Amino acid sequence: MDVKLGINACFAVKRWPEPEAWLKIVGEDLGLKEAQFSLDLLDPRVSEPTRSKMCEKINQAATRYGVHIQTTFTGLAAYCFNLLLHPDIGMRMDAVHWFEEAIEVTSMLGAEGTGGHIASLSMWDFQDDLRRECLTEALIESLHHLAELVKIEGQRYFLWEPMPVPRERPCTIDDAKRLYEKVNDGAAVPIVYCIDWGHQCTYSATGKDRDTYAWLEELSPMSPVMHVQQTDGKADCHWPFTKEFNNKGIIEPGRALDAIARSGVKEVVLMLEIIHPFEAEESKVLDDLKESVEYWKKYL
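Numbering-wise (the numbering used here), the sequence shown opens with residue 207 and increments by one.
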């Protein structure tokens, strides 16, 4: 099984927004060749010519430090919005436009796909069976539209991240399988998952739905890219893989890789998604990232 280790650039948000700075960290300090670009570092709707200028700077720095921008992904900013499941149609249309722009930025960075957190129901809509189903159909229609644009741009797929709350489907294994089959029926390119290893903490879930390794064994063929974090299984922690957190975390690299292998996949990209508090000291952030990468390299 071909396993590539990379990192989501969320660690750089606000701290190292300069392309030269964060890509030097990825390529030189961490010794990684793969990165997932966080759209918190460049909002897709930044006006021209600034957007093109920033993409060019990112591409130049990536080349300089030997880093491949593999995919782009929503960040904390987008996670605060309902996006493609907002109760207001105008807001949903605006979210479609946001992702259209994200697809363009993805091409400008030479990445093979984009996506992320894509949609969240309001409580009112979640509790209304008819509204919930109608909005789910609208979500699939929006994703088919975006998939057509992804194909036009020559990208490989669109990424959908399963989340840890019922209003942000899918959050169970069976629901993920159902939605995957439904959304890919007629899609121009594959609409695939980006499984996060810390999202199996849904308050309403039980059994295998709260088991990261069950998700990996059953759904890895649907998830060519994954988010990797240390966690306690009770919350979406995004801890580093340091001695301190490995002692209280539930993620064991060897066990996770075995579960992925049992799924039958031949290749996967694992993106570390380690999120420190904004008030954490920068030297601590870097030390934790370095220790996490060194820890993971022992298993690859």
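By construction, the Cβ of each residue, glycine as well, lies at the ideal position given by its N, Cα and C atoms.
Here the structure is a predicted model, which is why all the values come from computation and not from measurement.
Taking Gly316 as the centre and dropping the five residues before and after it, the same chain places the C-beta of Asn265 and Ile275 closer than 8 Å to its C-beta, in chain order. For the pair Val499 and Leu238, the CB atoms are nearer than the 8 Å cut-off. Spatial neighbours of Leu425 in its own chain (CB-CB distance under 7 Å, excluding positions within 5 residues in sequence) are listed in chain order as Ile379, Ala382, Tyr399 and Ile401. Here the alpha carbons of Pro372 and Cys340 stand approximately 16 Å from one another. Taking 8 Å as the cut-off, the beta carbon of Leu365 is found no closer than this to the beta carbon of Ala325.
The shortest C-alpha to C-alpha distance from Arg362 to any of Met369, Ile346, Ile397 and Ser348 is the one to Ile397. In the three-state DSSP reduction, Leu248 falls in the coil class, being neither helix nor strand. Exclusion of the five residues before and after Tyr419 leaves Arg461, Ala462 and Ala465 as the residues of its chain whose Cβ lies within less than 7 Å of its Cβ. The continuous stretches of alpha helix (DSSP H) do not include Val371, and DSSP gives it neither H nor E.
Thr278 sits in a strand when the DSSP states are folded into three classes.
Burial check for His303: the Cβ neighbour count within 10 Å stays below 16, so the residue is exposed.
Residue burial is scored here from C-beta neighbours: Ala227 has fewer than 16 other C-beta atoms within 10 angstroms and is therefore classed as exposed. Scanning the region 313 to 390 for uninterrupted alpha helix (DSSP H) segments of 4 residues or longer gives 329 to 332, 335 to 358 and 379 to 390, listed from N- to C-terminal end. Annotated three-state conformation of Tyr419 is helix, per DSSP. Here DSSP, grouped into helix, strand and coil, assigns Cys407 to coil. Counting other Cβ atoms within 10 Å of its Cβ, Trp421 reaches 16 or more and is therefore classed as buried.
Here His444 carries a coil assignment [DSSP, helix/strand/coil]. DSSP places Met260 inside the alpha helix (DSSP H), whose first and last residues are Thr256 to Arg270. With distances taken between CA atoms, Thr448 lies nearest to Glu458 out of Asn288, Glu458, Ala441 and Lys440. Less than 8 Å separates the beta-carbon of Cys377 from that of Thr408. For Ala393, the closest of Leu349, Leu248 and Gln436 by C-alpha to C-alpha distance is Leu349.
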